[in-house]
Each structure stands twice: as C-alpha cells, then as structure tokens.
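Please read the structure below before turning to the comments.
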Amino acid sequence: MVDVPVDQLIGTVDGARTRARAKLLDAALELFGVYGYAQTSEQAVCVMAGVPEEVLWEEFGSREGLLMALHNQITTSGLRAAEQALLSEGMDDCPLEQRFRRLFDVYVAAVTRDLREARVTFVEVLGVSPAVDAHCKRWRDLWADFLNGEAERAAVRGEVEERDHRVVVMVMVGTVHELMAHHARRPRRARPDEVSEELTKLGLAMLGVEKVA
C-alpha cells in the first residue's frame with residue numbers, strides 16, 4: 001500500500017469540491033436561466049450537474065443558497081468590469097456623461113452577454129424569499145456606494161450640484177435594476193448599446209444633468 005501525503009489528499013478533496021461547485025453553478029445557470037428558479041428542483045440541478053444532492057447541501061446549504069451564489073458570481077463580474085473601466089486610460093479626464101456611458105457599457109456587456117445570466121440576475125431573484133431579498137439589497141447598497149462616489153466626484157468637478165446625492169442614487173440603482181429586469185423579460189433582445197444609452201440618460205436625469213445631444 002502506498003502512503004499518500006496528507007497535503008496531497010487535501011488538495012485532491014479540495015479540487016473535487018471546486019469541480020462539484022462549478023458543475024452545480026453551471027447546471028443552475030442553465031435551469032434557472034432557461035426554465036426559471038421556481039420551476040427547478042434541487043434534484044433536477046443535481047442530475048444535470050452529475051453530483052449527489054448531499055453535495056449541493058454541503059456547498060450551498062439549499063437551492064436558495066445556490067441561487068444567491070450564482071447571483072454573486074454574475075453580479076461580481078459586472079462590478080469588476082465597472083471598476084476596471086474606472087482605471088482605464090483617459091477615464092479621469094472624461095466628463096460625467098462619457099464616464100457614465102463607459103461604465104454602463106461595460107456593466108451591461110458583462111451581465112447581458114448571456115441571456116441566462118441576465119434572467120437570473122434581474123428576474124429570477126425577485127420575490128423568492130426574505131433571505132434572497134436581503135442578499136439583493138446588499139448588492140444594491142454596494143452599487144449605490146459605487147455610483148455615489150461618481151456623483152461626489154462630479155460635484156467636485158462642478159458637473160452636478162454639490163449636495164447629498166445618496167437618496168437619489170439609491171432610487172437610481174433600484175430603477176436601473178427594474179429597467180434591466182424589463183429588458184431581460186422582453187422577447188426581443190435589446191442591443192447592449194441601447195440598454196446602456198437608456199441607463200446613461202436615466203443616471204444623468206436623476207442627477208439633474210441634461211444629456212448632450
């Protein structure tokens with residue numbers, strides 16, 4: 001009998017868990033994003049993923065936990081895209097309208113390139129449970145902080161009125177999500193640039209900035 005080092009055994013177990021998580025997330029994306037969360041059972045997800053139901057419970061706690069983990073994965077990609085856009089060349093010198101447009105361009109592209117992801121992020125998480133509602137609120141608060149920073153920056157540059165924009169930004173974030181949910185439900189897929197244009201107009205209007213024609 002060959003003795004296997006403990007660290008190698010741990011690495012093998014960790015690798016198997018990582019692969020199982022990935023399979024469950026992929027299966028959830030397909031089933032939640034095509035057929036809907038309410039129409040998908042834990043068993044169906046596990047059958048598609050090819051893993052026992054016990055693994056889903058161990059890794060995510062429940063089907064609800066799997067939904068929140070999938071939402072995290074998708075929404076994080078949108079936030080990271082926006083953060084990278086802020087660091088891109090020339091961004092510091094852009095007026096507010098161009099900054100908003102560039103931020104919304106990359107955000108929309110990140111969360112709508114896959115229609116299943118858009119449906120999960122903006123439709124399937126709605127009204128599931130108080131826990132999922134609280135999860136989504138934490139993400140909205142994070143986006144509000146992000147966009148409030150942009151509003152404060154614009155105020156320093158004299159592009160918007162210098163005041164507390166937090167309430168307006170919170171309303172803006174909620175409206176953005178409603179607009180994205182509307183587009184995710186539509187049978188005809190709107191082009192990303194069309195969605196980004198709408199979001200830019202919305203953001204500028206809520207901050208009291210008239211969009212340049």
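So the sequence shown is numbered by full-length UniProt numbering: it starts at 1 and just counts up by one.
Even for Gly, the Cβ is constructed at its ideal location relative to N, Cα and C.
As the structure is a computational prediction, the values presented were derived from the model and not from experiment.
With a cut-off of 8 Å on the beta carbons, I'd call residue i and residue j a contact; round off their distance for me.
i	j	result
Leu24	Ala49	5 Å
Ala28	Leu79	About 20 Å separates the two Cβ atoms, so there is no contact after all.
Val123	Ala190	No, Val123 and Ala190 are not in contact; Cβ-Cβ is about 15 Å, not under 8 Å.
Val209	Glu150	Not confirmed; about 12 Å, so no contact.
Thr112	Thr75	Going by Cβ atoms, the distance from Thr112 to Thr75 rounds to 12 Å, so no, they are not a contact pair.
Val173	Leu147	7 Å
Glu30	Arg116	7 Å
Straight-line CA distance for residue i to residue j?
i	j	result
Arg21	Ala154	42 Å
Val169	Pro52	44 Å
Glu198	Leu179	9 Å
Asp92	Arg17	42 Å
Gly127	Asp133	7 Å
Ile10	Trp139	For Ile10, the predicted structure reports a pLDDT of 44, less than 50, and the residue's modelled location is therefore unreliable. A value from the coordinates is still provided. Ile10 and Trp139: Cα-Cα distance of roughly 33 Å.
Val171	Cys136	15 Å
Gly36	Val55	22 Å
Asp145	Arg19	34 Å
Gly15	Glu161	53 Å
Leu207	Arg101	14 Å
Using CA coordinates, which residue listed in the options is at the minimum distance from residue i?
i	options	result
Ala38	Pro52, Ala134, Glu64, Gly203	Glu64
Asp105	Gln84, Arg119, Arg116	Gln84
Ala205	Arg185, Val176, Thr75, Leu86	Val176
Gly61	Glu161, Gly203, Asp114, Glu42	Glu42
Tyr107	Leu202, Ser196, Asp141	Ser196
Arg157	Ala109, Leu96, Thr40, Ala110	Leu96
Ala82	Gln73, Cys94, Arg99	Arg99
Leu67	Arg19, Ala131, Ser88	Ala131
His183	Asn72, Gln73, Arg119	Arg119
Taking only three categories from DSSP, how would you classify residue i?
i	result
Tyr107	helix
Cys136	helix
Arg113	coil
Val120	helix
residue 219	This structure does not reach residue 219, given that the chain is present from 1 up to 213, and the question cannot be answered.
Gln39	coil
If we cut at 9 Å on Cβ distances, does residue i have a partner in chain B?
i	result
Gly50	Protein chain content of the structure displayed is limited to a single chain, and chain B is not contained in it.
- Uninterrupted beta strand (DSSP E) stretches inside the stretch 148-211 (no shorter than 3 residues): none
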